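Undergrad: Chains as they are written, first to last, in our numbering: chain S, 1 to 272; chain W, 1001 to 1260. Please see the structure below; I have some questions.
What follows is the structure, encoded as structure tokens:
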């Protein structure tokens, strides 16, 4: 059991563990809505788009979450502008912008600000140096996800299920969509310190997508996504600690394995 | 005035459309010169080709699309029954969950759905013959069962006006009869039914027929409305007349839309 107890005796790991559990609640719950509303690629792109913001945050003297949020909102604004005329599809524009953001971040980091080894931390997360601010943001994102899911579940469900009929049901689709996108941005920014700009999907998409393989009831889905995010997050932290990896890739590898297992389990169940 | 005032007295349900024209954001007029009135207890077939304005008329009545001229007024609670293929079949909702959506409008965001509404939803499923499938995932139901679950949702809304978009598309024979008899019951209860269809035989079964081909071609009882002249104006060259003009069918050119 020392592989489990030793890391937990270390203060920075205790902070990382607390952050991971809070983020599991935020990303697990919100991830269900992201997956149900087919926003997974968008969420991944928002995460990547924060990279140039994170690179300039230090040199420009900005708080990283503020710079990340600015970059993410800039991405969303450009995406909406590029797709307005209908000549560029949303997925093509998303792919283009996320590549541009990654390239811009790489150039800024290597040639302008010479960020050096810090780039890995921005892209893949870190176990070390999670600040009080990072923890506070994780807690706020978790609380927001719980409250919003309680208040908005019906709106999001009805709008996603049948967009044409939602208005006749007395559901305000537009208000619900704006709130969902705002929460998505907040949660992306909150998971950045832990998993980095490139791997936000490991917490925000993978657990919910895995849970979808295992259940078809909304309540179970929400609970299972949080549980899977927590298990994979803690597993990834331990793996990262023992193998000296950044936490993002460690959680991502476990997430991939978890998804494969769930896919196998659901197929076996279907055959039987 | 507001083009789509929705008032709440379901007892005297009524649809009044006067000189309606509506357009999408691109500026192309999707439908124009539509004028008709349907009172409680009337079922109106809205007949026309794809792109003829059936969906646009519904969206104007639902208040999603403003009228550019004229008005589309729904006096009574309005419910929309979409084509089941248009709803997300992979969603984690059961037939009962779908029926319960009918109670969303009267449930404040901070409350759970009331017990009375749960009873109502179960009764609605019972009425459409889905009591035993209440817990089945919506996507796992047959086309006809999905249609009936969506009608149960309209029943829970207690809508005086029900708009149905191609309710018989993708529905097997036995379910078609079940859906048909439910619609007859709804009409007998004094509700207004608007049934979008491109099937002329289907349109003959209802009280009134509204023929739409971007503009209103005709409105009235099927016997007088569904003449060869009217059908030719509605469908253009896509019409085939058989049985010496007594019967006509519309030929839908579906094959083109599926090539990629």
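Every residue gets a Cβ at the ideal spot worked out from N, C-alpha and C, and that includes glycine. Just so you know, these numbers come straight off a predicted model, no measurement behind them.
Can you list, in chain order, the residues of its chain whose CB lies under 7 angstroms from that of residue 1204 of chain W, leaving out five sequence neighbours each side?
TA: Counting from 1 along the second chain, the entry for residue 1204 of chain W is found at position 204. Cβ neighbours of residue 1204 of chain W beyond the five flanking positions: 1222, 1226.
Undergrad: Under 8 angstroms between C-beta atoms, does residue 1019 of chain W make it to chain S?
TA: The residue you call residue 1019 of chain W lines up with position 19 of the second chain. Not one chain S Cβ lies under 8 angstroms of residue 1019 of chain W.
Undergrad: According to DSSP, simplified to helix, strand and coil, what is residue 1208 of chain W?
TA: Sequence index remark: in the second chain, residue 1208 of chain W carries index 208 (1-based). Three-state DSSP puts residue 1208 of chain W in a strand.
Undergrad: Can you give me the C-alpha to C-alpha distance between residue 144 of chain S and residue 1017 of chain W, rounded to a whole angstrom?
TA: Within the first chain, residue 144 of chain S is the residue found at index 144, counting from 1. Within the second chain, residue 1017 of chain W is the residue found at index 17, counting from 1. Between residue 144 of chain S and residue 1017 of chain W, the C-alpha separation is close to 44 angstroms.
Undergrad: In terms of residues, what are the limits of the beta strand (DSSP E) holding residue 1036 of chain W?
TA: For the purposes of this step, residue 1036 of chain W is taken as the residue at position 36 of the second chain. Segment 1029 to 1039, the beta strand (DSSP E) holding residue 1036 of chain W.
Undergrad: Which of helix, strand or coil does DSSP assign to residue 1182 of chain W?
TA: Within the second chain, numbered from 1, the residue matching residue 1182 of chain W stands at position 182. If DSSP states are grouped into helix, strand and coil, residue 1182 of chain W belongs with the helices.
Undergrad: Would you say residue 344 of chain S lies against chain W (beta-carbon separation less than 8 angstroms)?
TA: Residue numbering for chain S in the displayed model covers 1 to 272; residue 344 of chain S lies beyond these limits and cannot be assessed.
Undergrad: Within the same chain, show all residues whose beta-carbon is closer than 6 angstroms to that of residue 255 of chain S, passing over the 5 residues directly before and after it, in chain order.
TA: As a working mapping, residue 255 of chain S is identified with position 255 in the first chain. Excluding sequence neighbours, residue 255 of chain S sits near 202, 206, 232.
Undergrad: Find the residues of chain W that neighbour residue 217 of chain S, judging by a C-beta separation of less than 7 angstroms, and give them in chain order.
TA: What you label residue 217 of chain S is simply residue 217 of the first chain in a count that begins at 1. Those within 7 angstroms of residue 217 of chain S in chain W are 1092.
Undergrad: If you measure beta-carbon to beta-carbon, which residues of the stretch 131 to 151 of chain S are closer than 9 angstroms to chain W?
TA: Residues passing the 9 angstroms Cβ filter: 150, 151.
Undergrad: Any beta-carbon of chain W closer than 8 angstroms to the one on residue 45 of chain S?
TA: Counting from one through the first chain, the residue named residue 45 of chain S turns up at place 45. Not an interface residue.
Undergrad: Would you say residue 61 of chain S faces chain W, with C-beta separation under 8 angstroms as the test?
TA: In the first chain, counting from the first residue as 1, residue 61 of chain S sits at position 61. For residue 61 of chain S, the answer is no, since every Cβ of chain W falls outside 8 angstroms of its Cβ.
Undergrad: Taking residue 160 of chain S and residue 1088 of chain W to be in contact with their CB atoms under 8 angstroms, please state how far apart those CB atoms are, rounded to whole angstroms.
TA: Position 160 of the first chain, counting from 1, holds the residue named residue 160 of chain S. Position 88 of the second chain, counting from 1, holds the residue named residue 1088 of chain W. Their Cβ separation, rounded to whole angstroms, is 6 angstroms, which keeps residue 160 of chain S and residue 1088 of chain W in contact under 8 angstroms.
Undergrad: For a contact meaning CB atoms closer than 7 angstroms, what does residue 168 of chain S contact in chain W?
TA: In the first chain, residue 168 of chain S corresponds to position 168, counting from 1. Correct list: 1062, 1078, 1079, 1080.
Undergrad: In the DSSP output, which residue or residues are listed as bridge partners for residue 1137 of chain W?
TA: Translated into positions along the second chain, residue 1137 of chain W becomes position 137. Paired residue(s): W:1094.
Undergrad: Given a cut-off of 8 angstroms on the beta-carbon distance, is the pair residue 90 of chain S and residue 83 of chain S in contact?
TA: Position 90 of the first chain holds residue 90 of chain S. Position 83 of the first chain holds residue 83 of chain S. Cβ atoms of residue 90 of chain S and residue 83 of chain S: closer than 8 angstroms.
Undergrad: Note down, in chain order, every chain W residue with its Cβ under 7 angstroms from the Cβ of residue 161 of chain S.
TA: Within the first chain, numbered from 1, the residue matching residue 161 of chain S stands at position 161. 1087, 1088, 1091, 1093, listed in chain order.
Undergrad: Please tell me whether residue 1169 of chain W has its Cβ less than 8 angstroms away from any Cβ of chain S.
TA: Locating residue 1169 of chain W in the second chain gives position 169, counting from the first residue. No, residue 1169 of chain W lies away from the interface with chain S (no Cβ there is under 8 angstroms from its Cβ).
Undergrad: Cβ closer than 7 angstroms: which chain W residues qualify as neighbours of residue 165 of chain S?
TA: As a first step, residue 165 of chain S must be located in the first chain, where it is residue number 165. Correct list: 1080, 1082.
Undergrad: Give the straight-line distance between the Cα atoms of residue 267 of chain S and residue 32 of chain S, rounded to the nearest whole angstrom.
TA: In the first chain, counting from the first residue as 1, residue 267 of chain S sits at position 267. In the first chain, counting from the first residue as 1, residue 32 of chain S sits at position 32. About 21 angstroms.
Undergrad: What whole-angstrom Cβ distance do residue 134 of chain S and residue 59 of chain S have, given they're in contact under 8 angstroms?
TA: The count along the first chain starts at 1 and reaches residue 134 of chain S at position 134. The count along the first chain starts at 1 and reaches residue 59 of chain S at position 59. That belief does not hold up - the Cβ atoms of residue 134 of chain S and residue 59 of chain S are roughly 20 angstroms apart, past 8 angstroms.
Undergrad: Out of curiosity, what's the CA-to-CA distance linking residue 112 of chain S and residue 55 of chain S?
TA: Here residue 112 of chain S refers to the residue found at position 112 of the first chain. Here residue 55 of chain S refers to the residue found at position 55 of the first chain. Approximately 10 angstroms, taken between the alpha carbons.
Undergrad: According to DSSP, is residue 1022 of chain W helix, strand or coil?
TA: What you label residue 1022 of chain W is simply residue 22 of the second chain in a count that begins at 1. Of the three classes helix, strand and coil, the one that applies to residue 1022 of chain W here is strand, per DSSP.
Undergrad: Check residue 86 of chain S in the structure and name its three-state DSSP category.
TA: What you label residue 86 of chain S is simply residue 86 of the first chain in a count that begins at 1. Looking at residue 86 of chain S - three-state DSSP - the assignment turns out to be coil, as it is neither helix nor strand.
Undergrad: Given a limit of 9 angstroms on CB to CB distance, which residues of the stretch 221 to 232 of chain S reach chain W?
TA: Listed by position, the residues of the stretch 221 to 232 of chain S near chain W (Cβ gap below 9 angstroms) are 221.
Undergrad: Nearest chain S C-beta to residue 1110 of chain W closer than 8 angstroms, yes or no?
TA: The sequence position of residue 1110 of chain W within the second chain is 110, counting from 1. Closer than 8 angstroms: yes.
Undergrad: So which of S:200, S:28, S:57 has the shortest CA-CA distance to residue 42 of chain S?
TA: Reading the first chain from its first residue, position 42 is the one you call residue 42 of chain S. Measuring from the Cα of residue 42 of chain S, the nearest candidate turns out to be S:200.
Undergrad: Is any beta-carbon of chain W found at less than 8 angstroms from that of residue 101 of chain S?
TA: One-based indexing of the first chain puts residue 101 of chain S at position 101. For residue 101 of chain S, the answer is no, since every Cβ of chain W falls outside 8 angstroms of its Cβ.
Undergrad: Of all the options S:221, S:168, S:246, which has the alpha carbon lying nearest to the alpha carbon of residue 1060 of chain W?
TA: If you number the second chain from 1, residue 1060 of chain W lands on position 60. When only C-alpha atoms are compared, the closest one is S:168.
Undergrad: Does DSSP put residue 1115 of chain W in a helix, a strand or coil?
TA: Indexing the second chain from 1 puts residue 1115 of chain W at position 115. The answer is helix: DSSP assigns residue 1115 of chain W an H, G or I state.
Undergrad: Using a C-beta to C-beta distance shorter than 9 angstroms, which residues of chain W count as neighbours of residue 36 of chain S?
TA: Residue 36 of chain S sits at position 36 when you count from the first residue of the first chain. Chain W residues near residue 36 of chain S: 1088, 1090, 1091, 1092.
Undergrad: Quick check on residue 10 of chain S: buried or exposed, where buried means 16 or more other Cβ atoms within 10 Å of its Cβ?
TA: Counted from its first residue, the first chain places residue 10 of chain S at position 10. By the 10 Å Cβ count, residue 10 of chain S comes out exposed.
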